[in-house]
Amino acid sequence: MISPIEKQIVTLLQNSDKKAISLLYANYADALFGVIKKVISDDDTAEDVLQETFVKIWRYAKKYDASKAKLFTWLYRIAYNTAIDKVRSQKNKSNKEVQMETSAVYKVTSNELNQDVLDIKKHLRSLDEKYQIVINALFFEGMTQQEASDELDIPLGTIKSRLKIGLRELKKIYDPQ
Numbered sequence: 130m131i132s133p134i135e136k137q138i139v140t141l142l143q144n145s146d147k148k149a150i151s152l153l154y155a156n157y158a159d160a161l162f163g164v165i166k167k168v169i170s171d172d173d174t175a176e177d178v179l180q181e182t183f184v185k186i187w188r189y190a191k192k193y194d195a196s197k198a199k200l201f202t203w204l205y206r207i208a209y210n211t212a213i214d215k216v217r218s219q220k221n222k223s224n225k226e227v228q229m230e231t232s233a234v235y236k237v238t239s240n241e242l243n244q245d246v247l248d249i250k251k252h253l254r255s256l257d258e259k260y261q262i263v264i265n266a267l268f269f270e271g272m273t274q275q276e277a278s279d280e281l282d283i284p285l286g287t288i289k290s291r292l293k294i295g296l297r298e299l300k301k302i303y304d305p306q
């Protein structure tokens with residue numbers, strides 16, 4: 130059984146009427162904030178996620194189908210998934226940050242540098258271009274193999290193969306035996 134307020138909200142959403150958002154907020158914001166807080170403990174971040182949730186609700190309003198789910202179930206899924214996405218993006222961001230205190234890059238003296246490998250870009254240019262592109266993306270642009278695959282529009286398996294072959298060719302230059 131659908132409540133009159135729920136029916137009104139659904140109608141307004143389907144008609145892209147902005148009154149739907151204020152009704153949604155008044156009737157569901159506290160419950161959705163509770164859903165988000167189960168995933169995200171920080172209040173400020175949780176409030177940001179709640180705002181993102183309402184933006185998504187508005188953006189996807191026409192996709193809501195009352196025959197598939199109750200309005201609250203649909204809203205719950207959007208809020209929960211938005212919270213999970215925020216946690217994942219924060220983890221990815223913190224994993225990509227360079228820890229300056231633990232990095233030894235700035236402690237290297239010129240005596241410790243292997244002078245034989247400083248000309249790696251010159252030797253890299255001697256490789257076939259398809260290997261240069263992959264090695265450059267992975268080692269000099271800091272991409273992961275998946276990011277290089279997406280960015281270069283090359284299948285992941287091909288990225289891995291070109292990396293392996295390219296490194297093998299560079300090894301021949303640096304360790305000719």
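Numbered per this note's numbering, the sequence shown spans residues 130 to 306.
C-beta atoms are modelled at their ideal positions from N, C-alpha and C, and glycine is treated no differently.
query: Rounded straight-line distance, which links the Cα of Ser196 to that of Ala149; result: 19 Å
query: C-alpha gap between Asp177 and Phe269, whole angstroms; result: 35 Å
query: For Val164 and Tyr205, believed in contact at Cβ under 8 Å, the rounded distance; result: 6 Å
query: Endpoints, the alpha helix (DSSP H) within which Thr273 is located; result: From DSSP, Thr273 is part of no alpha helix (DSSP H); its letter is neither H nor E.
query: Leu299 to Asn221 span [Cα, whole Å]; result: 31 Å
query: Val237 - DSSP class collapsed to helix/strand/coil; result: With a pLDDT of 49 at Val237, under the threshold of 50, the modelled position of this residue cannot be trusted, and the question is left open.
query: Helix, strand or coil at Lys199 according to DSSP, with G and I counted as helix; result: coil
query: Alpha-carbon spacing of Leu285 relative to Tyr260, whole angstroms; result: 14 Å
query: Distance, Asn265 Cα to Ile73 Cα; result: Look at the range of the chain in this structure, 130 to 306, and you will see that residue 73 is not part of it.
query: Own chain residues within Cβ distance below 7 Å of Lys289, not counting five before or after; result: Gln274
query: Helix, strand or coil at Asn144 [DSSP, three-state]; result: coil
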